[in-house]
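*Asks:*
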Ligand code: UDP
Ligand code: MG
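In the UniProt record's numbering, the protein residues as written are 1 to 336.
Structural data, given as structure tokens:
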């Protein structure tokens with residue numbers, strides 16, 4: 001049975017034209033030339049059995065290792081392949097976003113280009129999607145990455161995202177996901193936001209679930225990420241949260257912060273005044289106290305200003321309507 005078939009929409013599944021595939025696979029690629037041959041083969045093998053028509057969109061994110069040249073050579077032999085070459089390295093989120101914009105299928109599946117995700121899991125994701133979800137997120141139950149620099153930070157991040165947004169997934173960061181195309185199209189991505197796709201989609205009303213998937217150690221090349229990204233991810237998370245909650249009433253945030261910070265200032269100042277006037281103590285003897293007040297107030301102010309700047313950034317991004325990537329070339333077999 002065609003795993004994409006759903007009774008309410010079965011009509012639309014028959015192809016409008018022979019050129020419009022049912023499924024779009026999107027793979028961001030940054031210096032993965034050694035993995036690509038095996039990846040293409042595994043994807044073809046996994047999907048040929050399903051009988052689905054599909055396109056494979058490989059977005060080359062400014063690779064310098066010959067990935068784009070290799071992809072170019074394959075478009076003739078592999079008619080489903082469409083290579084989108086970006087002008088430079090824009091980052092994984094931008095590369096995925098480029099893939100979403102070019103995808104023609106009613107369902108989109110994303111996965112990494114380094115063979116850590118297993119294309120053999122794609123049919124299972126599609127079957128799950130068909131149970132009535134808009135987004136199925138892979139869960140790397142046995143994740144094959146460094147424990148201290150990757151697993152621990154992402155455990156904390158997953159827990160936090162779950163708490164804040166209210167969608168409890170074990171593994172937001174897994175790239176292997178299946179989406180109904182309209183869900184992906186609605187999302188406005190920048191920064192490291194691809195990590196939060198399920199959270200963003202949930203805010204837009206998507207029905208979300210997860211499915212355990214395989215995960216393999218990286219065989220070729222190196223991970224493009226370290227601990228620094230976790231921090232950037234957390235900053236993006238704050239922004240998303242405040243954006244969604246408080247954009248309409250920023251004073252609810254900044255006002256409350258301002259009041260709390262002023263209260264602290266007043267309490268500490270009163271305390272010092274009582275010491276000075278009531279007990280005749282010299283408050284000059286307590287530089288630490290004054291220092292801590294300074295730190296507290298400065299910290300609060302920095303936080304508020306950072307947030308304000310982030311909100312403005314976001315407004316800027318959304319008002320610009322300007323892509324976060326530039327395409328150099330789209331290469332595909334003329335049959336497409
Ligand atoms: N990637 C990308 N642009 C970047 C960094 C990474 O397109 O600037 C791609 C990379 O080629 C891979 C995927 O994003 O297909 C995930 O990257 P990586 O395997 O380094 O991340 P990890 O698995 O360590 O989280
Ligand atoms: Mg990887």
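All C-beta atoms, glycine included, are put in the ideal place defined by N, C-alpha and C.
#1: Can you tell me where the beta strand (DSSP E) holding residue 137 begins and where it ends?
#2: Can you give, in chain order, each stretch of the beta strand (DSSP E) that sits fully within the segment 182-252 and has at least 3 residues?
#3: Please classify residue 15: does DSSP put it in a helix, a strand, or coil?
#4: Going by alpha carbons, who is nearest to residue 84 out of 95, 78, 265 and 226?
#5: Would the C-beta of residue 173 count as close to ligand 1, meaning under 8 Å from any of its heavy atoms?
#6: Taking the CB atoms as reference points, tell me whether residue 157 and residue 122 lie closer together than 9 Å.
#7: Please confirm if the segment 179-188 is in contact with the segment 118-135, defined as three or more CB-CB distances below 8 Å between the two stretches.
#8: Is the segment 97-104 touching the segment 138-152 in the sense that three or more CB pairs, one from each, lie closer than 8 Å?
#9: Going by C-alpha distance, which of 151, 22 and 189 is nearest residue 313?
#10: Output the boundary residues of the alpha helix (DSSP H) element that contains residue 34.
#11: Residues in the same chain with beta-carbon distance under 7 Å from residue 98, minus the five sequence neighbours each way, listed in chain order, please.
#12: Using DSSP's beta-bridge definition, name the partner residues of residue 83.
#13: What number of angstroms, rounded off, separates the C-alpha of residue 6 from the C-alpha of residue 51?
*Replies:* If we stick to the structure as given:
#1: 135-140
#2: 208-213
#3: Low per-residue confidence applies at residue 15: pLDDT is 39, beneath 50, and the placement is therefore not dependable enough to give any value.
#4: If we check each option's Cα against that of residue 84, 95 comes out closest.
#5: The answer is yes for residue 173.
#6: no
#7: yes
#8: no
#9: 189
#10: Here residue 34 belongs to no alpha helix (DSSP H), and DSSP marks it neither H nor E.
#11: Annotation for residue 98: 59, 84, 86, 325 and 327 place their beta carbon closer than 7 Å to its own, counting only its chain and skipping 5 residues before and after.
#12: 58 and 331
#13: For residue 6, the pLDDT reaches just 40, beneath the cut-off of 50, and the residue's location in the model is therefore unreliable, although a value from the coordinates is still provided. Their backbone Cα atoms lie some 16 Å apart in a straight line.
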